[in-house]
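*Asks:* The structure is given below, and queries will be raised subsequently.
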Amino acid sequence: MAAEEKFEELGKESNQKRTAARTEERFPVEFERVSEADARGLERLYLAKRTAEREDVAGAAGDDLGDQFTTMGATPAQVQMFQQTVRLIRQLEDKVDQLHAAVTGKPLSAAKRQKAMCIDLSSGGMRFITGVPLAKGDHMKIVIPLPPPHPVTVSAVGKAVKISEVRLASGKKACEAAIQFTAINEQDQEEIVSYSFKRQREMAYKTTGPAEGEDEEEEKK
């Protein structure tokens, strides 16, 4: 079952070199499949309001409260620590749910968000690997907790446009899905762009060192 899969292994190895090449950028995301009709109904809401303003996912990683803390004078570091703590609590809750299901023999709720590992992300779509079987044309709600250096949660309505089979390091088969966002708020798109820019800068720094003048700026801080 998907709940028993070790998702930290997703993306580490596969028979496809193009998957392995992106493993360094992997981070966990969640998705919930919905009908095409439900997806169409959600699109207007997702376009009109950013993630932190919507009741369906607001607070999923503490982002709505994070905004409130910012207006109260909290530093970015304090807000980031709070959001990371909320994420850890949610992960623990998921573990408890899985343990309860294993002990009682009762399956997890069908409405439970499924786990996946993001291996490629842009403001218009993403690719992820999951132990859950998917089909081309599947519609879904996706929650994307962007990791540091830009820890903000965004969400979108998406559609699977390509499905490939990959093999995990454990030898188990998994599904690699290319997702096109059919509805995402403009501010959420900007958050993804900000994350990508910061991540590229971080990787460039690790590879070549600070750009001219950056080390001086760091010393002044």
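Quick note: the sequence shown, position 147, residue 1581 per the numbering used here, numbers continuous. Just so it is clear, CB atoms sit at the ideal spot from N, CA and C, and this is done for glycine as well. The structure presented is a predicted model; accordingly, all values stated were derived computationally and were not measured.
(1) Would you please state the rounded distance, in angstroms, between the beta carbons of Cys1609 and Pro1581? I believe it to be under 8 Å.
(2) Since Met1637 sits in a beta bridge, which residues does DSSP pair it with?
(3) According to DSSP, is Gly1493 helix, strand or coil?
(4) Would DSSP call Ala1473 helix, strand or coil?
(5) For Lys1606, which of Val1463, Lys1549 and Gly1565 has the nearest alpha-carbon?
(6) Which residues in the same chain as Phe1461 place their Cβ atom closer than 6 Å to its Cβ, once the five residues preceding and following it in sequence are excluded?
(7) Pick helix, strand or coil for Asp1498, following the three-state DSSP scheme.
(8) In chain order, what residues of the same chain have a beta carbon less than 6 Å from the beta carbon of Arg1547, not counting five sequence neighbours either side?
(9) Does DSSP classify Ile1578 as helix, strand or coil?
(10) Using beta-carbon positions only, say whether Arg1633 and Pro1583 come within less than 8 Å of one another.
(11) Going by C-alpha distance, which of Tyr1629, Val1530 and Met1560 is nearest Val1595?
*Replies:* Based on what the coordinates show:
(1) Actually they do not touch by this definition, with Cβ atoms about 22 Å apart.
(2) Answer is none; Met1637 lacks a bridge partner.
(3) Residue placement at Gly1493 is flagged as unreliable, the pLDDT there being 45, under the threshold of 50; a coordinate-derived value is accordingly withheld.
(4) Secondary structure at Ala1473: helix, using DSSP grouped into helix, strand and coil.
(5) Of the listed residues, the one whose Cα sits closest to Lys1606 is Gly1565.
(6) Answer for Phe1461: Cys1552 and Pro1581, listed in chain order.
(7) Any reading at Asp1498 must be qualified, since the residue scores a pLDDT of 49, below 50, and its modelled position is unreliable; no value is offered.
(8) Excluding sequence neighbours, Arg1547 sits near Glu1464 and Glu1466.
(9) In the structure shown, the three-state DSSP call for Ile1578 is strand.
(10) Yes; because the gap between Cβ atoms is below 8 Å, this pair is in contact.
(11) Nearest of Tyr1629, Val1530 and Met1560 to Val1595, Cα basis: Met1560.
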